[in-house]
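Asks: The structure's right below; bear with me while I get my questions together.
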Amino acid sequence: MNRLICLVSSVLFSLLAFSSVTRAASTDSPNVILIFADDLGPAMIGCYGQQVIETPNIDRLAAEGMKFNNYYGGVYCAPARWTLLTGMHDGRIGGWAQTRPGLPILRDAGKINEQEYQKRLAALKSNAHPIPENEVFLAQIAQQAGYKTAQFGKLDRGFLTWHEQVKRFGWDFYEGYYDHQRCHGFYPPYLWRNGERFELPGNTLADCGKTSEQGDEPVGYGGETYSQNVFIKGILKYLRDHQEERFFLYHPTQLPHGPVAIPELHPDFADHPTMSLAEKKYASMVKMLDDHVGLIMSELKRLGLDENTVVVFTSDNGHELYYGPKPSYKQQRLPNGEPANLTDKKWRTSECGDVFDGAGGRAGLKRSGYQGGMQCPLIVRWPDKIAAGSETDLLTAHYDFLATLADLLGVEKPAGKDGISYLPTLRGEPQTQTHDYVIVNNHFDQMGSSALIGGDGMKLVQADRKKGLFQLYNILQDNEERNDLADQYPEKVEQLKTILKQEINSQRPDLAP
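Residues -24 to -1, 1 to 489 (mature numbering (1 follows the signal peptide of the UniProt record, and there is no 0)) make up the sequence shown, in order.
Have a look at this one:
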């Protein structure tokens, strides 16, 4: 009997010890959710200064976590996503090319037959840069840590992709658009889930309701099934189905990228006396994004996962103006009718009639090398690990997230990556590794729209590639880039130009043999 009692006691002690270890591991191995907005400048969020549209759920993430004030993405969709997924700045070359979008739309519109479609798709695949065997992508970091990985929305780089490529990038589960051009409509006839096509009833066939980025169509124009509602349902189901597992969930939403399209206007704006219909729809899209953040957080709390889930919110690039009479890059005129320029008359939402002031006084918009084109929001929430309501001016960029995720999950960062881990800053610990500079580049215009942001706050902008115009700003004192210091500090300009030219179109050290 005594031996039986001892055996039972030993087993109970072992079980309790194992339970304690399991709980400790659980606390140190959080789930991770990355919400990646599309064309949302920081000034469109309440905690970053938005005055017209309320974003209480995103603001709550900041109130319960950390807000970054010196964070950089890309200048438009594809380079921004590439740098996030690879951990490399977007001036690097090798291992990636922008695939041409729109091929599925040609087939679905009857402009090419299935045979021609397959022929062109095969050619596109063969012409794409092969992915080296030693290439490590963001989701693979989570897989190495034993996590399940999933993405919902504008898949991977945002341009034309396919099942084998998505799987190679490390996604166990995915649901969304293969094609970037189709992403410019919110009522797709079908989407893709793990290589299987599934239909969305009631939606127009070829153009997803509308793929041009401007216009004032009626609310709900294009179909019955709104893509973002499909994705949020899928995300909530995924959380329920995987609540007992460790997961990394990535949500590259279309919101609030144009065209302005929404099933119904938000009550806050439906009867607004001065907004145009396009402005009301755009505001409703931002509200939907915020509402979906709220739904995700509510589901995490209901499942008991909110305390041990790191939630990250950011955007691919700076603000874009989809609710004006023309695309922003075609209407760069000041209120007095004068054309904007790159020197003394920069285009600013604060001065050019934007009801939302989406760039918050910053110069430029999406595609620009100025702050309005590349400065992005970053908010990270992790209860009891990140001080609530904290802020940081640490210089950071999209390509730091891979290194940070590796650090968070206890995985060795792949050699040669450009990014650094900002996990120490999140934890309130000394940040021993910092950037000397961050590179942001319009990869497809060679040196166009490129910029180098130094750790000392000095920023070099190649404002005009053809004219060889470089400008210098101290963004710690002049984030609106009103005072060009190039003439005052010519040696600094030459120093930074040398670095920038070395980095743009440089080979990738992470792919070295």
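Where a beta carbon is used, it is the ideal one built from N, C-alpha and C, also for glycine.
#1: Between the alpha carbons of VAL262 and VAL287, how many angstroms are there, rounded?
#2: Would you report the Cα separation of residue 490 and PRO55, rounded to the nearest angstrom?
#3: Using the DSSP secondary-structure output, state which residues sit across from GLN351 in a beta bridge.
#4: Can you tell me whether ARG216 is buried or exposed, with buried defined as 16 or more other CB within 10 angstroms of its CB?
#5: Using only alpha-carbon positions, find the residue among HIS295, CYS53, ILE117 that is nearest to ILE21.
#6: For the stretch 81 to 99 against the stretch 368 to 387, are there 3 or more C-beta pairs whose distance is under 8 Å?
#7: If you reduce the DSSP assignment to three classes, tell me which class SER102 lands in.
#8: Please report the straight-line C-alpha distance between ASP333 and ARG309, rounded to a whole angstrom.
#9: Give the DSSP-derived three-state secondary structure of HIS160 in the structure shown.
#10: In its own chain, which residues sit with a C-beta less than 8 Å from the C-beta of THR410, not counting the 5 before and 5 after it?
#11: Where DSSP assigns a beta bridge to LYS477, which residues make up the other side?
#12: Return the Cβ separation of PRO80 and ARG158 in integer angstroms, given the expectation that the two are a contact with Cβ distance under 8 Å.
#13: Taking LYS43 as the reference, which of CYS23, ALA126, ASN312 has the closest Cα?
#14: Measuring straight from C-alpha to C-alpha, what distance separates ALA462 and VAL414?
#15: According to DSSP, is PHE174 part of a helix, a strand, or is it coil?
#16: Buried or exposed for ASP360, please, with buried defined as at least 16 other CB atoms from any protein chain shown within 10 angstroms of its CB.
#17: Looking only at its chain, what residues have a beta carbon closer than 7 Å to the beta carbon of ALA488, apart from the 5 residues adjacent to it on each side?
#18: What's the call for THR250, buried or exposed, on a 16-neighbour Cβ count within 10 Å?
#19: Please report how far the alpha carbon of ASN450 lies from the alpha carbon of ASN45, in whole angstroms.
#20: Could you have a look at MET42 and say whether DSSP puts it in helix, strand or coil?
#21: Give me the Cα-Cα distance between GLN351 and GLY365, rounded to the nearest whole angstrom.
#22: Note the first and the last residue of the continuous alpha helix (DSSP H) segment covering TYR214.
#23: Confirm, please, whether the CB-CB distance from ASN89 to THR285 is below 7 Å.
#24: Starting from the Cα of ASN103, find the closest Cα among LEU16, GLY129, LEU136 and give me that residue.
#25: How big is the Cα-Cα spacing for ARG(-2) and PHE174?
#26: Closest to ASP35 by CA distance: which of LEU297, LEU381, GLU467, THR290 is it?
#27: Roughly how many angstroms lie between the CA atoms of PRO132 and GLY152, to the nearest whole one?
#28: Would DSSP call ASN230 helix, strand or coil?
#29: With DSSP as the reference, please indicate the residues paired to ARG324 in a beta bridge.
#30: Using the DSSP secondary-structure output, state which residues sit across from LEU167 in a beta bridge.
#31: Report the rounded CA-to-CA distance for ASN417 versus THR474, giving the unit in angstroms.
#32: From this set, PRO18, SER426, TYR47, THR125, which residue's C-alpha is nearest residue 491's C-alpha?
#33: Grab me the residues of GLY404's own chain with a C-beta within less than 8 Å of its C-beta, minus the 5 sequence neighbours each way, in chain order.
#34: Output the distance between the C-alpha atoms of MET273 and PRO315, rounded to the nearest integer angstrom.
#35: Counting only runs that start and end within the stretch 1 to 28, where is the beta strand (DSSP E) found for 3 or more residues in a row?
#36: My assumption, with CB atoms under 8 Å, is that ALA259 sits in contact with ILE29. Please give the rounded CB distance.
Replies: Quick answer:
#1: One-based indexing of the sequence shown puts residue 262 at position 286. One-based indexing of the sequence shown puts residue 287 at position 311. Approximately 19 Å between the Cα atoms of the pair.
#2: Any answer about residue 490 is impossible in this case: the structure gives the chain only from -24 up to 489.
#3: Residue mapping note: residue 351 aligns to position 375 of the sequence shown, counting from 1. Answer is TYR48.
#4: For the purposes of this step, residue 216 is taken as residue 240 along the sequence shown, with counting starting at 1. Counting of Cβ neighbours within 10 angstroms places ARG216 among the exposed residues, the total staying below 16.
#5: Position 45 of the sequence shown holds residue 21. Ranking HIS295, CYS53, ILE117 by Cα distance to ILE21 puts HIS295 first.
#6: In this structure the stretch 81 to 99 does not touch the stretch 368 to 387; the number of beta carbon pairs closer than 8 Å is below three.
#7: If you number the sequence shown from 1, residue 102 lands on position 126. DSSP places SER102 in the helix class (H, G or I) of the three-state scheme.
#8: What you label residue 333 is simply residue 357 of the sequence shown in a count that begins at 1. What you label residue 309 is simply residue 333 of the sequence shown in a count that begins at 1. C-alpha separation (whole angstroms): 16 Å.
#9: Indexing the sequence shown from 1 puts residue 160 at position 184. If DSSP states are grouped into helix, strand and coil, HIS160 belongs with the helices.
#10: Locating residue 410 in the sequence shown gives position 434, counting from the first residue. Here the set comprises LEU370, LEU371, ILE396, GLY431.
#11: Your numbering for residue 477 matches position 501 in the sequence shown. For LYS477, which the question treats as bridged, DSSP gives no partner whatsoever.
#12: Along the sequence shown, read from residue 1 onward, the residue named residue 80 stands at position 104. Along the sequence shown, read from residue 1 onward, the residue named residue 158 stands at position 182. Sure, about 6 Å apart at Cβ, within 8 Å.
#13: For the purposes of this step, residue 43 is taken as residue 67 along the sequence shown, with counting starting at 1. It is CYS23 whose Cα lies nearest to the Cα of LYS43.
#14: By 1-based counting over the sequence shown, the position of residue 462 is 486. By 1-based counting over the sequence shown, the position of residue 414 is 438. In a straight line, the C-alpha of ALA462 is about 19 Å away from that of VAL414.
#15: Within the sequence shown, residue 174 is the residue found at index 198, counting from 1. In the structure shown, PHE174 sits in a strand (DSSP, three-state: E or B).
#16: Here the question's residue 360 lines up with position 384 in the sequence shown. Exposed.
#17: For the purposes of this step, residue 488 is taken as residue 512 along the sequence shown, with counting starting at 1. So the list reads GLY392, once near-sequence residues are dropped.
#18: Taking the first residue of the sequence shown as 1, we reach residue 250 at position 274. Label assigned to THR250: exposed.
#19: Your numbering for residue 450 matches position 474 in the sequence shown. Your numbering for residue 45 matches position 69 in the sequence shown. For the pair ASN450 and ASN45, the Cα-to-Cα distance works out to about 15 Å.
#20: One-based indexing of the sequence shown puts residue 42 at position 66. Looking at MET42 - three-state DSSP - the assignment turns out to be strand.
#21: Looking up residue 351 in the sequence shown gives position 375. Looking up residue 365 in the sequence shown gives position 389. Rounded to the nearest angstrom, the two C-alpha atoms are 21 Å apart.
#22: Within the sequence shown, numbered from 1, the residue matching residue 214 stands at position 238. Run containing TYR214: 203 to 217, per the alpha helix (DSSP H) assignment.
#23: Numbered from its first residue, the sequence shown carries residue 285 at position 309. Numbered from its first residue, the sequence shown carries residue 89 at position 113. Going by C-beta atoms, THR285 is not nearer than 7 Å to ASN89.
#24: Counting from 1 along the sequence shown, the entry for residue 103 is found at position 127. Ranking LEU16, GLY129, LEU136 by Cα distance to ASN103 puts LEU136 first.
#25: Numbered from 1 along the sequence shown, position 23 holds the residue referred to as residue -2. Numbered from 1 along the sequence shown, position 198 holds the residue referred to as residue 174. Residue confidence for ARG(-2) is low, a pLDDT of 31 falling below 50, so the modelled location carries little weight and cannot support an answer.
#26: Residue 35 sits at position 59 when you count from the first residue of the sequence shown. Of the candidates LEU297, LEU381, GLU467, THR290, the one whose C-alpha sits nearest the C-alpha of ASP35 is THR290.
#27: Along the sequence shown, read from residue 1 onward, the residue named residue 132 stands at position 156. Along the sequence shown, read from residue 1 onward, the residue named residue 152 stands at position 176. Reading off the sequence shown, one finds Asp at residue 132, where the question assumed Pro. Each residue's alpha carbon lies about 10 Å from the other.
#28: Indexing the sequence shown from 1 puts residue 230 at position 254. Note on identity: in this sequence residue 230 is Gln, with Asn being the wrong assignment. GLN230 falls in the coil class under three-state DSSP.
#29: Here residue 324 refers to the residue found at position 348 of the sequence shown. Note: ARG324 sits in a beta bridge opposite ALA339.
#30: Taking the sequence shown and counting its residues from 1, one reaches residue 167 at position 191. DSSP output for LEU167 lists PHE174 as bridge partner(s).
#31: Along the sequence shown, one-based indexing puts residue 417 at 441. Along the sequence shown, one-based indexing puts residue 474 at 498. Those two C-alpha atoms are separated by around 15 Å.
#32: What is shown of the chain runs -24 to 489, which leaves residue 491 out entirely.
#33: Your numbering for residue 404 matches position 428 in the sequence shown. The residues are ILE362, ALA363, SER366.
#34: Here residue 273 is taken as the residue at index 297 of the sequence shown, counted from 1. Here residue 315 is taken as the residue at index 339 of the sequence shown, counted from 1. Each residue's Cα considered, the two are about 45 Å apart.
#35: 7 to 13
#36: As a first step, residue 259 must be located in the sequence shown, where it is residue number 283. As a first step, residue 29 must be located in the sequence shown, where it is residue number 53. Their Cβ separation, rounded to whole angstroms, is 5 Å, which keeps ALA259 and ILE29 in contact under 8 Å.
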